[in-house]
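Asks: Here the working numbering is used: the first residue of the sequence shown is 101, the next is one more, and so on. Cβ atoms here follow ideal geometry from the backbone N, Cα and C, with glycine treated the same way. Structure provided below as structure tokens; questions to follow.
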Amino acid sequence: MLTLVISCPDTIGIVAKVSHFIASNNGSVMESNHHTDIEERWFYMRNVINTSKMNISQAQFEQQFAAIAEEFSMQWHVRDMNEKQKVVLFASHTSHCLADILHRWHSGELDCDIAAVISNHQNLESLVRFYQIPFHHITMTADTKADAFANIDKLLNEYQADTIVLARFMQIIPEAMCHKYHGRLINIHHSFLPSFIGANPYQKAHDRGVKLIGATCHYVTADLDEGPIIEQEVIRVNHSCDKHDLIRLGKDVEQMALARGLRYHLQDRVIIRGNKTIVF
101 MLTLVISCPD
111 TIGIVAKVSH
121 FIASNNGSVM
131 ESNHHTDIEE
141 RWFYMRNVIN
151 TSKMNISQAQ
161 FEQQFAAIAE
171 EFSMQWHVRD
181 MNEKQKVVLF
191 ASHTSHCLAD
201 ILHRWHSGEL
211 DCDIAAVISN
221 HQNLESLVRF
231 YQIPFHHITM
241 TADTKADAFA
251 NIDKLLNEYQ
261 ADTIVLARFM
271 QIIPEAMCHK
281 YHGRLINIHH
291 SFLPSFIGAN
301 PYQKAHDRGV
311 KLIGATCHYV
321 TADLDEGPII
331 EQEVIRVNHS
341 CDKHDLIRLG
351 KDVEQMALAR
361 GLRYHLQDRV
371 IIRGNKTIVF
């Protein structure tokens with residue numbers, strides 16, 4: 101099975117040309133999604149292709165499809181769905197998002213290989229070791245942060261990480277790393293509380309009497325917590341919820357948003373366009 105993901109200027113005949121190419125090589129489209137942004141006149145498409153009867157290899161598919169891609173000025177990629185992405189998780193001292201991702205991976209809900217967990221705290225090591233995953237503790241202070249991230253980057257290279265997930269990693273990613281791993285760094289953030297920046301956001305939300313709290317799964321960019329949004333989740337609250345209730349409910353929505361966002365990313369359902377996404 102292959103996924104073919106495309107974005108390009110909108111024009112007549114794209115779907116027909118792509119479909120004909122797949123069919124002419126004995127490929128079978130198992131799933132197809134497409135969307136046109138009328139304002140930007142930009143076209144998006146994702147196909148899942150059954151290759152069991154195809155008469156060309158993936159390399160030949162890519163080589164021959166390149167002519168169509170050039171004709172329509174496409175940004176595109178093809179991926180073998182049987183090849184699992186290598187995921188490295190970043191964590192700090194809170195466990196809820198990390199534990200949820202590890203459990204979903206262990207139970208087969210997330211189709212990937214978790215290569216390692218990197219943390220600036222040691223308290224989650226026993227949890228990670230339970231799943232028999234390598235754990236790396238990187239000491240990080242204001243004076244050692246540059247060296248720490250240099251060591252982290254070396255580990256990412258060693259593990260050949262395809263995707264990096266910030267499972268409540270409470271450190272700012274350096275700009276150079278944001279650019280290097282553009283579209284591959286995923287974060288979870290309580291950004292449905294935009295008015296309550298800084299420390300103790302749930303206490304501030306409680307004091308303000310909010311009626312909704314939520315979380316946003318997004319790609320990491322150099323602009324803090326402003327990267328393209330993959331998935332969001334909200335839950336309704338009321339006056340009876342104290343600060344501890346909001347924290348507990350906040351953890352729930354963070355887990356759900358991160359798990360779904362990561363799954364969409366792993367399945368090649370997300371197309372980045374500027375600072376927004378199309379999610380099929």
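Could you pull out every unbroken beta strand (DSSP E) segment of at least 3 residues lying fully inside the region 256-342, listed in chain order?
Replies: Complete beta strand (DSSP E) runs here, min 3: 263-266, 285-289, 312-319 and 329-336.
Asks: Going by DSSP, name the residue or residues bridged to M240.
Replies: Translated into the one-based positions of the sequence shown, residue 240 becomes position 140. Beta-bridge pairing links M240 to no other residue.
Asks: In the DSSP assignment, what are the bridge partners of Q175?
Replies: Counting from one through the sequence shown, the residue named residue 175 turns up at place 75. Note: Q175 sits in a beta bridge opposite S107.
Asks: So for L189, helix, strand or coil by DSSP?
Replies: Residue numbering aside, residue 189 sits at position 89 when the sequence shown is read from its first letter. Looking at L189 - three-state DSSP - the assignment turns out to be strand.
Asks: Could you check which residue in G327, S124 and A305 has the C-alpha nearest to that of A153?
Replies: For the purposes of this step, residue 153 is taken as residue 53 along the sequence shown, with counting starting at 1. With the sequence shown as reference, residue 153 is identified as Lys, and Ala is not the correct amino acid for it. The shortest Cα separation from K153 among G327, S124 and A305 belongs to S124.
Asks: For E131, report the span of its beta strand (DSSP E) as first-last.
Replies: Within the sequence shown, residue 131 is the residue found at index 31, counting from 1. It spans S128 to D137 - the beta strand (DSSP E) in which E131 sits, taken as one unbroken run.
Asks: Could you check whether the region 344-353 touches the region 305-316, counting it as contact only if at least three pairs of C-beta atoms, one from each stretch, sit closer than 8 Å?
Replies: Taking 8 Å as the limit for Cβ pairs, the verdict is that the region 305-316 does touch the region 344-353.
Asks: I371 by DSSP, collapsed to three states: which one?
Replies: Taking the first residue of the sequence shown as 1, we reach residue 371 at position 271. Correct three-state label for I371: strand.
Asks: Just tell me which of L285, Y281, G208 and V148 has its CA closest to the CA of G127.
Replies: Position 27 of the sequence shown, counted from the start, is the residue given in the question as residue 127. Closest option to G127, Cα to Cα, is V148.
Asks: Mark I272 as exposed unless 16 or more other C-beta atoms lie within 10 angstroms of its C-beta, in which case mark it buried.
Replies: Indexing the sequence shown from 1 puts residue 272 at position 172. Exposed.
Asks: With distances taken between CB atoms, is the gap from K186 to D243 smaller than 8 Å?
Replies: Along the sequence shown, one-based indexing puts residue 186 at 86. Along the sequence shown, one-based indexing puts residue 243 at 143. Not closer than 8 Å, so no.
Asks: Check for me: the beta strand (DSSP E) holding S219 runs from which residue to which?
Replies: Along the sequence shown, one-based indexing puts residue 219 at 119. Where S219 is concerned, the enclosing beta strand (DSSP E) stretches over C212 to S219.
Asks: With a Cβ-Cβ cutoff of 8 Å, do A191 and Y259 count as a contact?
Replies: Walking along the sequence shown from the start, residue 191 turns up at place 91. Walking along the sequence shown from the start, residue 259 turns up at place 159. Going by C-beta atoms, A191 is not nearer than 8 Å to Y259.
Asks: Spatial neighbours of R369 within its chain, please: CB distance less than 6 Å, with the 5 preceding and 5 following residues excluded, ordered by chain position.
Replies: Taking the sequence shown and counting its residues from 1, the one referred to as residue 369 is at position 269. So the qualifying residues of the chain are V379 and F380.
Asks: CB-CB under 6 Å to R360, same chain, minus the five flanking residues each way: which ones, in chain order?
Replies: Taking the sequence shown and counting its residues from 1, the one referred to as residue 360 is at position 260. So the list reads E331, once near-sequence residues are dropped.
Asks: Would you grab the beta carbon distance between A322 and E354 for me? Rounded to a whole angstrom, and I think it's under 8 Å.
Replies: The residue given as residue 322 occupies position 222 in the sequence shown. The residue given as residue 354 occupies position 254 in the sequence shown. In fact, because the Cβ distance is near 23 Å, the residues do not count as touching under 8 Å.
Asks: So does the region 176-183 actually touch the region 240-257, counting three or more Cβ pairs closer than 8 Å?
Replies: As far as the Cβ criterion goes, the region 176-183 does not touch the region 240-257, which means the pair count is below three.
Asks: Are E225 and H237 closer than 8 Å when you measure CB to CB?
Replies: Taking the sequence shown and counting its residues from 1, the one referred to as residue 225 is at position 125. Taking the sequence shown and counting its residues from 1, the one referred to as residue 237 is at position 137. In contact: E225 and H237 (Cβ atoms closer than 8 Å).
Asks: Going straight from the alpha carbon of R229 to that of V217, what length do you get?
Replies: Here residue 229 is taken as the residue at index 129 of the sequence shown, counted from 1. Here residue 217 is taken as the residue at index 117 of the sequence shown, counted from 1. Those two C-alpha atoms are separated by around 10 Å.
Asks: Among residues of its own chain, excluding the 5 on either side of S195, which ones have a beta-carbon nearer than 7 Å to its beta-carbon?
Replies: Here residue 195 refers to the residue found at position 95 when the sequence shown is read from its first residue. Only L224 and L227 meet the Cβ criterion.
Asks: Cα-Cα, which of F165, A246 and H193 is closest to Q222?
Replies: For the purposes of this step, residue 222 is taken as the residue at position 122 of the sequence shown. Nearest of F165, A246 and H193 to Q222, Cα basis: H193.
Asks: Below 8 Å on the Cβ atoms is my guess for Y302 versus K343; work out the distance and round it to an integer in Å.
Replies: Against the sequence shown, residue 302 aligns to sequence position 202. Against the sequence shown, residue 343 aligns to sequence position 243. Contact holds; Cβ gap of about 6 Å.
Asks: Applying the 10 Å Cβ sphere with the 16-neighbour rule, what's the burial state of R336?
Replies: Taking the first residue of the sequence shown as 1, we reach residue 336 at position 236. Answer is exposed; the Cβ neighbour count stays below 16.
Asks: If I measure Cβ to Cβ from Q158 and keep anything under 8 Å in the same chain, skipping five residues before and after, which residues do I get?
Replies: In the sequence shown, the residue the question calls residue 158 occupies position 58. Correct list, in chain order: L102, T151, V178 and D180.
Asks: With respect to the alpha helix (DSSP H) encompassing I122, which residues constitute its N-terminal and C-terminal limits?
Replies: Within the sequence shown, the letter at position 22 stands for residue 122. Run containing I122: I114 to S124, per the alpha helix (DSSP H) assignment.
Asks: If you measure between the beta carbons of I288 and P328, is that distance less than 8 Å?
Replies: If you number the sequence shown from 1, residue 288 lands on position 188. If you number the sequence shown from 1, residue 328 lands on position 228. Not closer than 8 Å, so no.
Asks: Between the alpha carbons of C197 and R268, how many angstroms are there, rounded?
Replies: Numbered from its first residue, the sequence shown carries residue 197 at position 97. Numbered from its first residue, the sequence shown carries residue 268 at position 168. Approximately 7 Å between the Cα atoms of the pair.
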